[in-house]
Amino acid sequence: MTNLELQKMANEVRKGIVTATHAAKCGHPGGSLSAADIYTYLYFEEMNIDPKNPKMENRDRFVLSKGHTAPGLYATLANRGYFPVEDLTTLRKLGSYLQGHPCLQHVPGVDMSSGSLGQGISAAVGMALGARMQGKDYRVYTLIGDGESEEGQVWEACMFAGHRKLDNLCVILDYNGLQIDGKLEDVCSAEPFEDKFKAFRFHVINIDAHDFDQIRAAFKEARETKGQPTVIIAHSLKGKGVSFMEGSIEWHGKAPNDEQYAIAMADLEKVGEALCQK
Amino acid sequence: MSEVIKIATRESYGNALKELGAEYPNLVVLDADLAAATKTGVFKKAFPERHIDCGIAECNMMGIAAGLSLTGLIPFASSFAMFAAGRAFEQVRNSIGYPHLNVKIGATHAGITVGEDGASHQCNEDIALMRTIPGMVVMCPSDDVEAKAAVRAAVEYVGPVYIRFGRAAVPVINDRPDYKFEIGKGVLLREGKDVTIVATGICVDSALTAAEMLAADGISAEVINIHTIKPLDEDIIVNSAKKTGKVVTVEEHSVIGGLGSAVCDALCAKHPVPVKKLGMQDVFGESGSAAALVEKYKLDGKGVYGDVKAFLGK
């Protein structure tokens, strides 16, 4: 896909995030929006997957370690054709397969249940090791949060991945700088991230999480990096794309009401129209 | 009488893995720097490329096991019960139990027979923790024969399984030609009419010894071996309770949440009778030899005998 096509799709994903959390009256739009471009690139460009055959044996795997941003993953999977986009409005409701956090057994395209922070990355590491032990050439991707990186298990997983030189593993850090209780730097920052990942023997790439040229180049570099895992530190804007959510901690785990929903959708429609003029 | 053979069930675990490793090329074993103690070292020696040492990081080990299982491998994650069920409880619950993955947890050094290392390492809570996880099979074999059978059954079963093994050598009591192991099936070891003793793990041998001693006093005790605490064989327990009217449970585990609680849950619902729960009475263990501890906490044959008699008012 061209960058323009990716931008348009990411805008659709953002609409899905806003629509799903509005319908659910809860959920986590902020961190879903900050990672929308990453989700879009992974599922529409980077990963070898087949929405008609979600369990395809040699598919690339994705583990959403920061599982609370499930609306972003679901909106991407729906737009990619794993399930109907209309179902996004059932998010978090009784009887829906779209559970509050990703659930392996119920959501087509979800490769691992997650939500308890720090755990998804370990499962991704296990998948990467399993692939290598069995001579499979698929790759494993996992998206972790910057706040999530305060969990010790993240670094246990990194230590293991670096030690085992798992170059089929690509970790993406959604670095939006905000967590529930405030700014990372005020709560308990894990900075310096780059030094930490390097210390755990990762290849480190820093990018603007909303620039598809940089996203494309980073995933290519990750694929070409041998003998060590890669981390892409994706510097992002929490709430990206919705004017009143951008850079706001308030929208970490809160849904827009009807009025806010209308503003948010108008914001995204405007972006969509502008993209169509290009 | 032939000499009693004693083998620690952790030894059985390692030996079973080695045997099954030859049959199942997708069986892999994980450790957290304790392969020498969990006895998976024999597997590591036979299949070095299928042994994964995760270092001293049990929570990560459980996650890696989850990931491995999603690639078609059958992982056995090994550590001491304290760390496998205790430290990594939430990882086992959320990364293995909730997605119902085909991960097997081999937990050695369970209970007070850890001995000299003391209370920090004597896990008397693992059965309670593990049986609260929906879909988790929880097994606690009583000897070498049963431990090996449990490991094989775990490989053949698809889904999460927790198996509890001990550090200390214990008598082989199931070495008979008609021995059969089935997940969730209790074993009636001795028929009786006055009291039912339901035991698990190393306490099965103590229950048999106690039954012998009780017989000498004219008390007829029925002995049931519950090697699978979940799913529990409720029928065998309820049927026996209907016959004897009194039940004693014995386990090398806290009386809160373990076998005793599971038995009470079943009896409460189906056939309430008085129950005496023997085990660790809401206390931590301490350092000492396994034999001395088992005697002090009255989990040997003599201890069980005394408590059963007191329970019966005799």
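Heads up: the protein sequence lines correspond to chains A and B, in order. Add 158 to a position in the first sequence, counting from 1, and you land on the number used in our numbering. Add 5 to a position in the second sequence, counting from 1, and you land on the number used in our numbering. Even glycine gets a Cβ: it sits at the ideal position worked out from N, Cα and C.
For B/Pro80, no alpha helix (DSSP H) segment is defined; the enclosing uninterrupted segment is the beta strand (DSSP E) at 79–85.
The residues Asn169, in chain order, have a CB closer than 6 Å to that of A/Gly430 in the same chain once the five nearest residues on each side in sequence are set aside. In this structure, A/Gly335 and A/Asp371 do not form a Cβ contact; the two beta carbons are roughly 22 Å apart against a cut-off of 8 Å. Residue environment for A/Cys261: buried (at least 16 other C-beta atoms within 10 angstroms of its C-beta).
In the DSSP annotation of this structure, the continuous segment of the alpha helix (DSSP H) that includes B/Glu161 starts and ends at 149–161. Counting only runs that start and end inside the stretch 276–359 of chain A, the alpha helix (DSSP H) elements of at least 4 residues fall at 277–291, 310–321, 342–345, 351–357. For A/Ser347, not one C-beta of chain B is nearer than 8 Å to its own C-beta. By DSSP's assignment, A/His361 forms a beta bridge with A/Thr388. In the structure shown, A/Thr160 adopts coil according to DSSP, grouped into three states. At a beta-carbon threshold of 7 Å, none of the residues of chain B lie near A/Leu327; the nearest stands roughly 10 Å away. For A/Phe360, no CB of chain B lies under 8 Å from its own CB, so it is not counted at the interface with that chain. Taking C-beta separations shorter than 7 Å and ignoring five residues to either side along the sequence, the partners of B/Ser245 in its chain run Thr201, Glu227, Ile229, following chain order. Within the model, the alpha-carbon separation for B/Lys109 versus B/Ile79 is close to 8 Å. Cβ-Cβ separation between B/Gly116 and B/Met141: approximately 19 Å, too far for a contact (criterion under 8 Å). The C-beta of A/Cys346 has fewer than 16 other C-beta atoms within 10 Å across all chains shown, which makes the residue exposed. For B/Ser259, the enclosing beta strand (DSSP E) covers residues 252–259. Using a Cβ-Cβ cut-off of 8 Å, B/Tyr167 does not count as an interface residue toward chain A, since no Cβ of chain A sits closer than that to its own. With respect to chain B, the C-beta atom of A/Met285 has a partner C-beta closer than 8 Å. By the neighbour-count definition (other C-beta atoms within 10 Å, threshold 16), A/His186 is a buried residue. Listed in chain order, the non-local C-beta contacts of A/Ile175 below 7 Å within the same chain comprise Pro187, Ser190, Leu191, Ala194, Pro229, Gly230, Ala233, local neighbours out to five positions each way being set aside.
Of all residues in the stretch 75–102 of chain B, only Leu75, Thr76, Gly77, Leu78, Pro80, Glu95, Gln96, Arg98, Asn99, Ser100 place a beta-carbon less than 9 Å from a beta-carbon of chain A.
Contact of B/Pro104 with chain A by beta-carbon distance below 8 Å involves Cys261, Leu262, Gln263, Met270, Ser271. The C-alpha of B/Arg98 is placed about 22 Å away from the C-alpha of A/Leu252. Straight through space, the alpha carbons of B/Lys248 and B/Lys198 are spaced by roughly 6 Å. Proximity of A/Phe318 to chain B, defined by a Cβ-Cβ separation below 8 Å, is satisfied.
Excluding sequence positions up to five before and after A/Leu200, its CB lies within less than 7 Å of the CB of Phe220, Tyr299, all in the same chain and listed in chain order. Residue pairing by DSSP puts B/Tyr167 in a beta bridge opposite B/Ile110, B/Val143. Straight across, the Cα-Cα distance linking A/Leu433 with B/Ala82 is about 51 Å. Counting along the chain, B/Asp240 sits inside the alpha helix (DSSP H) bounded by residues 239–249.
Taking a beta-carbon distance threshold of 8 Å, B/Leu73 counts as an interface residue toward chain A. Secondary structure in the stretch 32–77 of chain B: the alpha helix (DSSP H) runs of 4 residues or longer, each lying completely within the stretch, are 40–43, 46–51, 63–74 in chain order. Note: B/Lys282 is bridge-paired with B/Thr254 in the DSSP secondary-structure output. Secondary structure note for A/Asn237: its alpha helix (DSSP H) is the uninterrupted segment 228–238. Beta-bridge partners of A/Asp366 (DSSP): A/His393. Not one beta carbon of chain A lies nearer than 8 Å to the beta carbon of B/Ile138. The beta-carbon of A/Gly288 is placed less than 8 Å from the nearest beta-carbon of chain B.
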